[in-house]
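Encoded as structure tokens, the structure appears first; notes follow it.
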Ligand SMILES: *[C@@H]1O[C@H](CO)[C@@H](O)[C@H](O)[C@H]1NC(C)=O
Ligand SMILES: *[C@@H]1O[C@H](CO)[C@@H](O)[C@H](O)[C@H]1NC(C)=O
Ligand SMILES: *[C@@H]1O[C@H](CO)[C@@H](O)[C@H](O)[C@H]1NC(C)=O
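In mature numbering (1 follows the signal peptide of the UniProt record, and there is no 0), the protein residues as written are -24 to -1, 1 to 341.
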């Protein structure tokens, strides 16, 4: 038992320490823009937002080794497909939730970490279930199952009511589709305008179903990320070169045009959802990528069509590994490996998305 004077001393300590703690929290620049009350961020999709869910899978699509993570806090590989943080990490930090969004598969996540959100995304996944099954990764449907399993676990700790309101106050992010374009659409030799349109319509249908499934699982606010200018990825340029052939290394504009077609259809499909208690925001990553490729020097880039890792033509996943040479200045490359943007590019994409993000987080006020 504490004597009254000891208790008094404790009280003084607490009073002295409390403002210090608040200050320390403020110094970590985790403030809440628009005084938002977002509780967590949940992420679904492919390698653009996977923070390590493939690490223990039997798949070639992993990146939990150097040089991935060279610029990550602590200079360590995590399973993120870049040299540093992803847009979803910047997003969580900006909202004021936390600095990084961990993978759901990470062992021993604290309750605090679980309550503020995780990524269920899996590199190689797509809206076409065949893409994920062919590559041995976690399909979108399975990712949503994992989310349901997560909510059940959380409800056991927090109670059903608290869990429900936590989920209602969360931002859901869905970012997928490039693998469907790369594999489902461009590996086929028999592409006609008609078959392309049919495939894109199916993709949109499946993406719409994912959004409906998330709504059923409790989501109220979804950031639906459109496709980037995928025809500019260095590996695409090596395999499916655009005009000028293999030596010019121009973007494959027809592939990007197909991505844009998907985006238009997807946006139209999303419009059906808007209601006072369920909103889907379209997130445009195509425009910032197109601008970076068009005017690289405006953003400090010197290389737009090669990956920083290896020769830059084809290396990604296991081909970009500890024995690969990497470029000395990663901030001068749009792409870190031959498919995935560098942290520098992700940061610029994040900045371009800020107006949309601000709209999303104000939905909660
Ligand atoms: C946030 O809340 C503070 C204190 O209530 C208020 O002074 C400030 O104007 C608010 N900021 C915004 C952007 O709403
Ligand atoms: C859409 O989903 C169905 C069912 O999972 C799947 O069989 C089909 O391949 C998918 N197609 C596309 C193009 O996404
Ligand atoms: C893009 O790639 C496809 C598939 O290899 C090829 O047929 C097409 O000519 C390329 N075109 C352009 C304009 O980029």
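Using N, Cα and C, we set each Cβ at its ideal position, and we do this for glycine too.
With respect to 7 Å, is the separation between the Cβ of residue 239 and the closest non-hydrogen atom of ligand 2 below this value?
Taking the first residue of the chain shown as position 1, residue 239 is located at position 263. Checking every heavy atom of ligand 2 against the Cβ of residue 239, none is found closer than 7 Å.
One question on the structure: do residue 124 and residue 322 come within less than 8 Å of each other, judged by their Cβ atoms?
On the chain shown, position 148 is the one that residue 124 refers to. On the chain shown, position 346 is the one that residue 322 refers to. Between residue 124 and residue 322, the C-beta gap is not smaller than 8 Å, which leaves the two residues out of contact.
Going by the CB atoms, is the gap between residue 286 and residue 308 shorter than 8 Å?
Here residue 308 corresponds to residue number 332 of the chain shown, with the count starting at 1. Here residue 286 corresponds to residue number 310 of the chain shown, with the count starting at 1. No, they are not a contact pair.
Any alpha helix (DSSP H) of 4 or more consecutive residues that is wholly inside the segment 48 to 93
63 to 71, 87 to 92
Tell me whether residue 281 sits in a helix, a strand or coil according to DSSP, three-state version.
Walking along the chain shown from the start, residue 281 turns up at place 305. Strand at residue 281.
8 Å Cβ shell around residue 206 - same chain, five flanking residues per side excluded:
For the purposes of this step, residue 206 is taken as residue 230 along the chain shown, with counting starting at 1. 154, 157, 158, 212, 231, 232, 235, listed in sequence order.
Is there at least one non-hydrogen atom of ligand 2 closer than 7 Å to the beta-carbon of residue 162?
Indexing the chain shown from 1 puts residue 162 at position 186. Not under cutoff, so the answer is no.
Less than 8 Å separating the beta-carbons of residue 94 and residue 150?
Residue mapping note: residue 94 aligns to position 118 of the chain shown, counting from 1. Residue mapping note: residue 150 aligns to position 174 of the chain shown, counting from 1. No, Cβ-Cβ distance for residue 94 and residue 150 is not below 8 Å.
What are the boundary residues of the beta strand (DSSP E) that residue 197 is part of?
For the purposes of this step, residue 197 is taken as the residue at position 221 of the chain shown. Taken as a continuous stretch (DSSP letters only), the beta strand (DSSP E) holding residue 197 covers 197 to 201.
On the CB-based measure, 16 or more other CB atoms within 10 Å of its CB, does residue -11 come out buried or exposed?
Indexing the chain shown from 1 puts residue -11 at position 14. Unreliable positioning characterises residue -11 in this predicted model, as indicated by a pLDDT of 43, which lies under 50. The coordinate reading is nonetheless provided below. Residue -11 is exposed by the Cβ-count criterion.
Let's see if you can read the secondary structure: which residues bound the beta strand (DSSP E) around residue 221?
Within the chain shown, numbered from 1, the residue matching residue 221 stands at position 245. Element bounds for residue 221: not the beta strand (DSSP E) but the alpha helix (DSSP H), 221 to 224.
Confirm, please, whether the CB-CB distance from residue 255 to residue 339 is below 8 Å.
Numbered from its first residue, the chain shown carries residue 339 at position 363. Numbered from its first residue, the chain shown carries residue 255 at position 279. Cβ distance < 8 Å, so residue 339 and residue 255 count as in contact.
Does ligand 2 have even one heavy atom less than 7 Å from the beta-carbon of residue 22?
Walking along the chain shown from the start, residue 22 turns up at place 46. Not so, every heavy atom of ligand 2 lies at least 7 Å from the Cβ.
Pair within 8 Å by beta-carbon distance, residue 249 and residue 187:
Counting from one through the chain shown, the residue named residue 249 turns up at place 273. Counting from one through the chain shown, the residue named residue 187 turns up at place 211. Yes.
Alpha-carbon spacing of residue 169 relative to residue 7, whole angstroms
Here residue 169 refers to the residue found at position 193 when the chain shown is read from its first residue. Here residue 7 refers to the residue found at position 31 when the chain shown is read from its first residue. As the crow flies, the alpha-carbon of residue 169 is around 49 Å from that of residue 7.
Go ahead and pull the three-state DSSP assignment for residue 302.
What you label residue 302 is simply residue 326 of the chain shown in a count that begins at 1. DSSP places residue 302 in strand when its eight states are reduced to three.
For residue 24, which residues of its own chain have a beta-carbon under 6 Å away from its beta-carbon, when the five flanking residues on both sides are left out?
As a position in the chain shown, residue 24 is number 48, starting the count at 1. If we look at residue 24 and ignore the five residues flanking it on each side, its Cβ neighbours are 151.
Host alpha helix (DSSP H) of residue 180 (start-end)
Numbered from 1 along the chain shown, position 204 holds the residue referred to as residue 180. Its alpha helix (DSSP H) spans residues 169 to 192.
Same chain, Cβ closer than 6 Å to residue 135, neighbours up to 5 away in sequence not counted
As a working mapping, residue 135 is identified with position 159 in the chain shown. Around residue 135: no qualifying Cβ.
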